[in-house]
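Take a look at the structure below.
Residue numbers (the working numbering): -5 to 212.
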């Protein structure tokens, strides 16, 4: 049975009210950013640190409880119409300044789904029109563990970049590891672990039994 739901004037007013509150929060934060080109919407309990390293285009949205840590050598750059979902953590460096990471660039009209973790200690590039689902993780570094006479923790980390091309759909709970390039137009199925480069316009499904196919018709 199909139920038609009418969007009432009250519904619209609630949306406008909530958007207005987010816009006010954005106005209060904009002066502290390195650059902000237009409307900035900030949800409840958003943490933005080292804002002087963060650049935002137009209509950037940081949803409730997201955490944007700006301390890094190359900064964080968010293009136009970028959405950072609820509870997302973007962390290039430690909270206390040690092991300063490189940072992140996100292209226009891209989004990161709720409760994702973006560890951009190595540089992460996310293209335009990229959809990243909920609870995804990216780790642009690896721990060094070659010396068995020393603790793994004491040997530090090796930074390696991650690149995601334009027009990709990354399903929920995907894990993308250091040094990986995902070509433009790819679809990555939910729960997949990406450890190697993926050619453009590929479909990758199943973290246990990978199936790689091309979207292109020969």
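All C-beta atoms, glycine included, are put in the ideal place defined by N, C-alpha and C.
Model, not experiment: these values are computed from the prediction.
For residue 69, same chain residues with a beta-carbon under 6 Å away, outside a window of 5 residues either side, are 47 and 97 in chain order. The straight-line gap separating the alpha-carbon atoms of residue 18 and residue 143 is approximately 55 Å. DSSP lists 133 as the beta-bridge partner residues of residue 113.
Excluding the 5 residues flanking it on each side, residue 54 has same chain C-beta neighbours closer than 6 Å at 34, 72 and 76, in chain order. Residue 180 and residue 196 do touch by the CB rule: their CB atoms are close to 5 Å apart, below 8 Å. DSSP places residue 207 in the strand class (E or B) of the three-state scheme. Residue environment for residue 168: buried (at least 16 other C-beta atoms within 10 angstroms of its C-beta). Shortest Cα-Cα distance from residue 112 to any of -3, 134 and 8 involves 134.
The C-beta separation of residue 115 from residue 93 comes to about 7 Å, placing the pair in contact by the 8 Å criterion.
Per DSSP, reduced to three states, the secondary structure at residue 26 is helical.
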